[in-house]
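Asker: Residue numbers (this note's numbering), protein chains in the order written: chain A, 1 to 359; chain B, 1001 to 1287. Each residue gets a CB set at the ideal place from its N, CA and C atoms; glycine is no exception. Note that this is a predicted model, so its numbers are computed, not measured. My questions will all concern the structure given below.
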Amino acid sequence: MSEGSPHLVVGGVSKRYGPTTVLDHIDLTIRRGELVTLLGPSGCGKTTLLRAIAGLAQPDTGKVELAGRDITNVPPHKRNVGVVFQSYALFPHLTVAGNVAFGLKVRGMARREIDIAVERALSLVKLGHLAGRRISALSGGQQQRVALARAIAVEPDVLLFDEALSALDRKLREEMQVELRRLLQEVKATAIFVTHDQDEALTMSDRVAVMNKGRIEQLAEPRELYLRPASLFALNFVGLSTRISGTVLSADNGKVHVETKVGRLSALGSFQAGSPVIVAARPEQLRIGGGGETNSASGRVRSVVFQGSRTLVEVDAGAGESLLAELSGRDGAIPDVHDEIRLSWPVTETFAFPMEAQA
Amino acid sequence: MTEAALSAPVASPKVDRERLTAIGFVLPSFVIIAGVFALPLVLLLGVSFVDANGLTFANYKRLLGAPYYLWVIWNSLRLGLLTTLIAFLISYPAAFALARARGPLRSLLLATLFLPLAASVIVKAFAWTILLRSDGIVNETLIALGIIEDPIRMIFTETALIVGAVNIFLPFMILPIYAIVAQLDSRYAEAAATLGASPVVTFFRVILPLTLPGIIAGVALAFSLSVSAYVVPTLLIGEKYPTLATTIAKAYLLAREPGFGAAAGVVLLAIAIAVVALSARLSREPK
Chain A
1 MSEGSPHLVV
11 GGVSKRYGPT
21 TVLDHIDLTI
31 RRGELVTLLG
41 PSGCGKTTLL
51 RAIAGLAQPD
61 TGKVELAGRD
71 ITNVPPHKRN
81 VGVVFQSYAL
91 FPHLTVAGNV
101 AFGLKVRGMA
111 RREIDIAVER
121 ALSLVKLGHL
131 AGRRISALSG
141 GQQQRVALAR
151 AIAVEPDVLL
161 FDEALSALDR
171 KLREEMQVEL
181 RRLLQEVKAT
191 AIFVTHDQDE
201 ALTMSDRVAV
211 MNKGRIEQLA
221 EPRELYLRPA
231 SLFALNFVGL
241 STRISGTVLS
251 ADNGKVHVET
261 KVGRLSALGS
271 FQAGSPVIVA
281 ARPEQLRIGG
291 GGETNSASGR
301 VRSVVFQGSR
311 TLVEVDAGAG
321 ESLLAELSGR
331 DGAIPDVHDE
341 IRLSWPVTET
351 FAFPMEAQA
Chain B
1001 MTEAALSAPV
1011 ASPKVDRERL
1021 TAIGFVLPSF
1031 VIIAGVFALP
1041 LVLLLGVSFV
1051 DANGLTFANY
1061 KRLLGAPYYL
1071 WVIWNSLRLG
1081 LLTTLIAFLI
1091 SYPAAFALAR
1101 ARGPLRSLLL
1111 ATLFLPLAAS
1121 VIVKAFAWTI
1131 LLRSDGIVNE
1141 TLIALGIIED
1151 PIRMIFTETA
1161 LIVGAVNIFL
1171 PFMILPIYAI
1181 VAQLDSRYAE
1191 AAATLGASPV
1201 VTFFRVILPL
1211 TLPGIIAGVA
1221 LAFSLSVSAY
1231 VVPTLLIGEK
1241 YPTLATTIAK
1251 AYLLAREPGF
1261 GAAAGVVLLA
1271 IAIAVVALSA
1281 RLSREPK
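Below, the structure is given as C-alpha cells:
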C-alpha cells in the first residue's frame, strides 16, 4: 500500500451507553504513516473511539477498516493493532523482555526470531540494558518505554496511545513527546494518540481531531487548527484567545462588521445581519497602539504575566469584556498594571463564531 | 549508592534509637508468639520422642512402619487433597463471579460466604448428617419425587466426607482468590488481547499467573485445614476412615499414649508445612 492512501478508515461509527451518545457518527480517515491525535475534554468520546478501533469496544453502527481489511467484527486479538495504555498494563509477572516478547510468543514466532525482535524493540526505546529487569523495578518513564516497545514489537498496522504520556511528570512528558514522534516516524508507524493535552497534540501530530460530545469538531494540521479554528470549541480548546460577544451589523466579501460593547469590530466569516456572534483573536495578534484598517479596543491593564520569551497582558475593556495580548518584549515597552492602553489586531486574523455554539 | 553515602553519617544515631523503639513495640508480640505457639510446638516435638521407657524413635517407627498407619496418613492426605482440589475448582470461577457482581448482588454473595464462618464446624457437620442420612432430607426428597425407591447410602461414605469438607472449607479458598481477582486490572486482559492473545491464551498466560498468589494462599489454607480436620471425618464418615487427626485424638483420649499422639501430630504438621512451603515457593517466581 502506498503512502498517502487510506490506511485506517472509520466510517459512521456510533456508540451509546444507555441514554448517553458517546460517539455520534464518527468519520475519520488516516493515511499510512500518519500521526493523528484525538484531542478533547474527558467524556468527549476520544477514548471510546480508540477502543472501537482496537476492538475493545464494539460500535453500535458504522465500520472500521484497517490496512484494507474490514475489521468491524474482528476480535481485538486478530486485528493487529498495538495499544499503549495510560496505566501501561505491563504484565507484572514477566520481565521487561518477557513483556516485549509476549505478542510474538502468542503469534507462535520462533524463539530465535523473538529474541532478535525483542532486542531490536528494546534498543529502539533505549532499554536494551534492562531486558532482564522486573517491571516493578522500573521508573514510570521506563515503564512507558517498555509499553511502547511491547506494542511496536508485533509490528502492528496501527499504534494506539490512550493518554499514554499523561502519567509522566511534565518535563519527562515533553521530552517523550519529541522522542516519540521521532521514533514513530523512524519506524514509519501509523499512530493515533488520545489526549486532553493540547501541547501534546500540537507537538506530536501530523493532524489533530478536536472532539466534543462524541463528534469531531475539526480535523486539521496543528498549525491550521491554531490559526483557523473551525468552531468556538476548537478555538477555546487549543490555545488562548480574546473573545468578545456582539451583534452582526453587516456582511460583505466574507467579512462581517460587528457591534460590540468595546466598539465596532470586523472579522472573517459570513453571517446575516442581526446574528449574535463571538468575535475572537489569538493573543499574539494583538499589538499596543492602534489605528488604520485594524480592529482596536482600549482598556486598563488588569494583569501582566511574564512567561520568559513573552508576556501575557490582560486588559479590562469595560462592560465585562477583556482582551488578551501576548507581547514579546522586542515590540516595545511592556505596560504596567493599571496603565490605560489601546490594543489593535488585523481583521484577517479575527474570527467570528455563532453565539449559540458556545460550549 | 550515593543515597547510602549521603545518609549514613547523619542517620546512624537516629537509626539506633528507632531500632530500639521498634524492638520495644515488637517484643510483647514476640513473647506471646513464642509462648503460645513456638513453645507448645517444641514440647510436642519433645514428647514425640518419649515413651514409657524414655527417649525413643519407637513412636515414629510405629507410625511410619505399620501399613495401617500409612493408610491413616494416606486417608488424611486424600481428604486434604480431594477437598482442596474440588474447593479450588469451585472457588476460582466463584471468585471471578463475586468480583464481577455489583451492588446488592455482591453484598448478598459476600454474606452467603461469610455467614457460615460464624457457625461452628460441629453445627455444619451435623447439618450435613441430617441432610445425608438414610431418612434425611435428600433421600426423602428423592423418594418423594419418585426418582429412587429405597434410600441411597450417603452418610458415612467418602463422598459425604468430601462434600461436607468442601462446603465447610470453601470460604477459606474463595476469599484469598477473590481478594486478588477483585483488584486485577482489566487492562491486563485487554493488553494481552491487543497483542494477539486469544481469550484462552490470555487466561493461561496472564490471568492465571496474576491470580496465582491468591490461589496459593487459598490452597495453603484449605489444605492445612482439611488435612487436619477432626470434626468433619468423625461426624460424616466415622471409624472406617481414620485420619491423623482422629488417630491423635484416640492416642490422647483413649489409649493414653501421648508420645504416639505427638508423633502423629508432628507428621501432620510436617505434611501441612510441606504443602504451605511448596505453595510459597511456587508463588515467588513463576519464571
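1) Rounding to the nearest angstrom, what Cα-Cα distance links residue 1213/B and residue 1180/B in this structure?
2) Please name the residue, chosen from 1264/B, 1211/B, 1235/B, that lies closest to residue 1096/B on a Cα-to-Cα basis.
3) Counting only C-beta atoms, is residue 1206/B closer than 8 Å to chain A at any point?
4) Chain B partners of residue 154/A, CB-CB under 7 Å?
5) Starting from residue 150/A, find everything on chain B with Cβ-Cβ shorter than 9 Å and list it in chain order.
6) Mind checking the segment 1175 to 1189 of chain B against chain A and listing, in chain order, the residues whose C-beta falls within less than 7 Å of any C-beta there?
7) Using the Cβ count rule (16 or more neighbours within 10 Å means buried), how would you classify residue 1031/B?
8) Does any residue of chain A have a CB that is nearer than 8 Å to the CB of residue 1210/B?
9) According to DSSP, which residues form a beta bridge with residue 301/A?
10) Nearest to residue 1277/B by alpha carbon, out of 1253/B, 1257/B, 1224/B, 1243/B?
11) Is residue 71/A near the ligand ADP, going by C-beta to nearest heavy atom under 7 Å?
12) If you compare alpha carbons, which of 218/A, 243/A, 239/A, 174/A is closest to residue 231/A?
13) Under three-state DSSP, which class holds residue 1075/B?
14) Measuring alpha carbon to alpha carbon, tell me which of 1272/B, 1265/B, 1156/B ends up nearest residue 1241/B.
15) Tell me the start and end of each unbroken beta strand (DSSP E) in the segment 9 to 58 of chain A that is at least 3 residues and wholly inside, in chain order.
16) Tell me whether the beta-carbon of residue 303/A lies closer than 8 Å to the beta-carbon of residue 342/A.
17) Name the DSSP beta bridge partners of residue 218/A, please?
18) Can you have a look at residue 79/A and say buried or exposed, based on whether 16 or more other CB atoms are within 10 angstroms of its CB?
19) Run the CB neighbour count on residue 1074/B, radius 10 Å, all protein chains shown included, and call it buried at 16 or more, exposed below.
20) Considering only their Cβ atoms, is the gap separating residue 1063/B from residue 1267/B smaller than 8 Å?
21) Could you check where the alpha helix (DSSP H) with residue 1103/B kicks off and where it finishes?
22) Residues of chain A with a CB under 7 Å from the CB of residue 1200/B: which are they?
23) Assuming residue 106/A and residue 1196/B make a contact with CB atoms under 8 Å, what is their CB distance in whole Å?
24) Alpha carbon to alpha carbon, what distance is there between residue 83/A and residue 1194/B?
25) To which residues of the same chain is residue 336/A closer than 8 Å at the C-beta, ignoring the five residues directly before and after it?
26) Go ahead and label residue 1071/B buried or exposed: buried means 16 or more other beta carbons lie within 10 angstroms of its beta carbon, across all protein chains shown.
27) From which residue to which residue does the beta strand (DSSP E) around residue 63/A run?
28) Using the Cα positions of residue 353/A and residue 255/A, report the straight-line distance between them to the nearest angstrom.
29) Between residue 76/A and chain B, is the shortest Cβ-Cβ distance under 8 Å, so that the two count as touching?
30) In the DSSP output, what is residue 340/A paired with across the bridge?
31) Report the residue ranges of all beta strand (DSSP E) runs contained in full by the segment 66 to 93 of chain A; include only those spanning at least 3 residues, in chain order.
32) Against chain B, with Cβ distances strictly below 8 Å, would residue 87/A count as a contact?
33) So, under 8 Å CB-CB, residue 85/A and residue 149/A are touching, yes? Tell me the CB distance rounded to an integer number of Å.
34) Just mark residue 1068/B as buried or exposed, buried being the case when its beta carbon has 16 or more other beta carbons within 10 Å.
35) Measuring CB to CB, does residue 1243/B end up less than 8 Å from residue 1258/B?
36) Within 8 Å (strictly less), CB to CB, does residue 18/A reach chain B?
Answerer: The structure says:
1) 8 Å
2) For the residues 1264/B, 1211/B, 1235/B, the minimum Cα distance to residue 1096/B belongs to 1211/B.
3) yes
4) 1195, 1196
5) What residue 150/A touches in chain B: 1191, 1195.
6) 1185, 1187, 1188
7) exposed
8) yes
9) 315/A
10) 1224/B
11) Because no ligand of any kind appears in the structure shown, any question about the ligand ADP cannot be addressed here.
12) 218/A
13) helix
14) With distances taken between Cα atoms, residue 1241/B lies closest to 1156/B.
15) Runs found: 20 to 31, 35 to 39.
16) Inclusion of residue 303/A and residue 342/A in the CB contact set at 8 Å is not warranted, their separation being larger than that value.
17) Per DSSP, 210/A.
18) By the Cβ neighbour-count rule, residue 79/A is buried, with 16 or more other Cβ atoms within 10 Å of its own.
19) Exposed, by the Cβ-count rule.
20) yes
21) 1103 to 1118
22) Result: empty, since nearest Cβ-Cβ is about 10 Å, beyond 7 Å.
23) 5 Å
24) Whole-angstrom Cα-Cα distance: 7 Å.
25) 301, 304
26) exposed
27) 61 to 66
28) 12 Å
29) Yes, its Cβ sits closer than 8 Å to a Cβ of chain B.
30) 300/A
31) 81 to 84
32) yes
33) At roughly 14 Å, the Cβ-Cβ gap does not stay under 8 Å, so residue 85/A and residue 149/A are not in contact.
34) Within a 10 Å sphere around the beta-carbon of residue 1068/B sit fewer than 16 other beta-carbons, which makes this residue exposed.
35) no
36) The C-beta of residue 18/A comes no closer than 8 Å to any C-beta of chain B.
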